[in-house]
Amino acid sequence: MTMAHALDIPEIRDTIIQFLILSRNDLLACTLLSHPWHSSVQPWLWRHLYLYSALQPTRLPQKKAPFPAANLQNPPCALFQQNAVFIRHLHIKAPIDSLLLATLNSDCNASSNGGDMASLFPALETLHIHGYCCDVAVIDPEIHFATRLIRHALGQTTTLKELHLTSLPPSSVVSLLHALDEHPFASSSSPSTATRSSLTKHPLDRLCLTDLTLPYNLVDRTQFWQHCTSIRRLEFDTVNFLGYTCPAEFTFSRLEHLKLTNMFLLAAYEQLQLMSHCPNLTSLDWSPSSITTVHHILTTPPIISPAESSNHIIAPIDLSPLSKVHTLVLCGSRINDLSIANVLSKCGPLRKLNVHKSGFSHESIVVLATRHFPNLREIDLGECSFVTSPMVEMLLRQCPLLEVLVAPTLKVSDIMANNITLVEEAGEETGCHDIGGHKKEWVCSNLRVLEVQIEIDATRIDLERPFINARLATMQKLISIGIPRPHS
């Protein structure tokens, strides 16, 4: 009996391949080792596929490469047909290569006649459609293909979970949104009535809309919001609502994550109104477009006339859904300290907080300490100009579950001075003035990542360096310490 080599075990090969997925050349080299290695590498090599034309219109942005170089791009048609079953994440940037598009459409027509179109991509999980232009004629063939794929995939498989739409004209958005609700055999007479009724539409888990405009037509817009009621993660970035927000009768009971960033054309009150329709919201990524936006949380709704009130044009906002939020992102220089404190006072016990490059300061840290310190695991205070060293140490002393901390600076001299003050206050309360017996230690023993600029006074280096080294030595799980990098 011959003993198998460790590399003959598929699970071990898969583990090794996961360390090579960032380099397409390494994956290609592995396919030449042996037949078993070739079989193991193929699903990873075709996991992400990017389709786009080398002859992009001149008006398209040329600031960066269309897609990451490590992923597969524009494969030959024959290889594509052989390996489409492995594709999990498909990116389409219009216009794509005409020959490949013709192959896709011909294959789809063949599969539509003999079966379901989703069989072309049985493992598809994520579909990205990038427009980068407003010329309908340029992207119409790609939209037609994507529409058919969405319609059949959601009707025939449960693998498609995410849809990302970027920089598309309104007519294309309408076509794709209609595909979310159309039945895959609505226009086909071959399946029986019983077969059609037995087919159910599988809802998306995540819908991301970036740099586009929602449908103009009220019926299309209502249909869009109706579909959103079944989505778990909804993300808007630079989306134009055209002044029409979500109707009051819709409730997003399945929605757990909501992202609203760069929504300059959506009023503050209307953003808050959308949040109020999400009773089970647990994660909120919100970047208000003005300083006054967050102030609406503690103020009354806008002053309205009795006629408007009777017609329910503007209804009072109920922000009780924020009480379930445990992950909060409030980034941006337009958000001041009091505004952040107002939001924190409405949230439940937070586990993750990101207020990078905001006005986070004394008001916010007080609310954070009162409501969230015992449960806080990650916090990002990077580039917050008003965060002081005592605030940072306050997190280290009073957050026992803290794992990740990003802060602008940590002055050792301020920490030592603050510790002396705390020890003296403790001595006055207990009647004991033994400084050595009342050290305020850092309790975050689970801290894994610390990104902060540690400043040591050169004239007191013999005192401050041993002090900070002794504090860092108590954190046994610390695996990363560095200087925070500025965000672009």
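What the sequence shown shows, in the numbering used here, is residues 20 to 507, in sequence order. Where a beta carbon is used, it is the ideal one built from N, C-alpha and C, also for glycine.
Straight-line gap, S117 to W65 (C-alpha atoms, nearest Å) = 21 Å
Give me the Cβ distance between V193 and P222, rounded to the nearest whole Å; I'm assuming they're in contact under 8 Å.
-> V193 to P222, Cβ: 19 Å. No contact.
Compute the Euclidean distance between the alpha carbons of A346 and K371, then round it to the nearest angstrom.
-> The question names Ala, but residue 346 is Thr in the sequence shown. Straight-line Cα distance between these residues: approximately 5 Å.
Residues that R45 bridges to, as DSSP identifies them = According to the sequence displayed, residue 45 carries Asp and not Arg. Bridge partners of D45: none, in fact.
In angstroms, rounded to a whole number, what distance separates the CA positions of F271 and P298?
-> 7 Å
Outcome for F38 when other beta-carbon atoms lying within 10 angstroms are tallied against a minimum of 16 = exposed
Tell me whether H24 sits in a helix, a strand or coil according to DSSP, three-state version.
-> coil
Output the boundary residues of the alpha helix (DSSP H) element that contains E30.
-> 29 to 36
Decide if S191 is buried, meaning its Cβ has at least 16 other Cβ atoms within 10 Å, or exposed.
-> buried
F99, enclosing alpha helix (DSSP H) - first and last residue | 96 to 102
Measuring CA to CA, which of L253, K430, S499 is closest to V406?
-> K430
Taking E268 and C227 to be in contact with their CB atoms under 8 Å, please state how far apart those CB atoms are, rounded to whole angstroms.
-> Not quite, the Cβ-Cβ distance comes to about 25 Å (not below 8 Å), so this is no contact.
Among S499, L119, L274, which one has its Cα closest to the Cα of E470?
-> S499
Anticipated Cβ contact below 8 Å, L421 with L395, distance rounded | 6 Å
Grab the span of the alpha helix (DSSP H) containing D399 for me, first residue to last.
-> Not the alpha helix (DSSP H): D399 falls in the beta strand (DSSP E), residues 397 to 399.
6 Å Cβ shell around L182 - same chain, five flanking residues per side excluded = L146, L223, L226
Could you name the residues that DSSP lists as bridge partners for G501?
-> E470
Please say whether A142 and I169 have beta carbons closer to each other than 8 Å?
-> no
Element boundaries [beta strand (DSSP E), containing F283] = Note, F283: premise wrong, no beta strand (DSSP E); not H, not E.
Between the C-alpha atoms of I473 and T428, what's the straight-line distance to the nearest angstrom?
-> 6 Å
Supposed contact pair D256 and T232 - C-beta distance, whole angstroms, cut 8 Å | Actually they are not in contact, since the Cβ atoms of T232 and D256 sit about 13 Å apart, beyond 8 Å.
Q101 classed as buried or exposed, judged by whether at least 16 other C-beta atoms fall within 10 angstroms = exposed
Would you tell me roughly how many angstroms separate the C-alpha atoms of P94 and I384, rounded to the nearest one?
-> 53 Å
Along the beta strand (DSSP E) that carries P427, what are the first and last residues, could you check?
-> 423 to 430
Residue range of the beta strand (DSSP E) that includes W305 | 302 to 306
Does the Cβ-Cβ distance between Q417 and V362 come in under 8 Å?
-> no
Apart from the five residues just before and just after V468, which ones in its own chain have a Cβ nearer than 6 Å to its Cβ?
-> V423, S499
Can you grab the Cα-Cα spacing for the pair H276 / S302, in whole Å?
-> 5 Å
Looking at the unbroken beta strand (DSSP E) that takes in K371, where does it start and where does it end?
-> 371 to 373
L184 bridges to which residues according to DSSP?
-> I148, L228
Just to confirm, are E161 and L195 a CB contact at a threshold of 8 Å?
-> no
Report the three-state DSSP secondary structure of T1 (helix, strand or coil).
-> A question about residue 1 goes unanswered here, because the residues of the chain that appear run from 20 up to 507.
Reducing DSSP to helix, strand and coil, say where K365 ends up.
-> helix
How long is the line joining the alpha carbons of P29 and S408, rounded to whole angstroms?
-> 51 Å
Between L349, P62, Y263, which lies nearest to L284 when the distance is taken from Cα to Cα?
-> Y263
Option in C350, I111, E460, D433 with minimal Cα separation from F482 | For the sequence presented, residue 482 should be read as Leu rather than Phe. Cα-wise, what sits closest to L482 is D433.
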